[in-house]
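S.K.: Pasting in a structure now, in structure tokens, and then I'll have a few things to ask.
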Amino acid sequence: MPYSKDVNKPLTPKMKQFCEAFVENGCHQQEAYRTVFGDVPNVRSKASQLARNPRCQEYIGFLLDEA
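Residue numbering for the sequence shown follows the working numbering, starting at 97 and increasing by one per position.
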């Protein structure tokens, strides 16, 4: 059975913070991830995964439209 993401599920507070930091710092994934989660191993990979999350993409799009 393929993995499906529930796009109707609300963002977690950390995901929301990541999206806001992403927009505030000029769309730099790694900087946004470090702002929220600190300097952890595999920042590049984890930031990319979060930025590709459909729920995050929708919220980032909303934030960019408002800016």
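Backbone N, C-alpha and C fix where the C-beta goes; we use that ideal spot for every residue, glycine too.
Here the structure is a predicted model, which is why all the values come from computation and not from measurement.
1) Along the chain, where does the alpha helix (DSSP H) that runs through C123 open and close?
2) Please report how far the alpha carbon of V139 lies from the alpha carbon of N149, in whole angstroms.
3) Using three-state DSSP, classify T108 as helix, strand or coil.
4) Consult DSSP for E162 and reduce its assignment to one of helix, strand or coil.
5) Between the C-alpha atoms of P109 and Q126, what's the straight-line distance to the nearest angstrom?
M.R.: Let's see:
1) Note, C123: premise wrong, no alpha helix (DSSP H); not H, not E.
2) 15 Å
3) coil
4) helix
5) 18 Å
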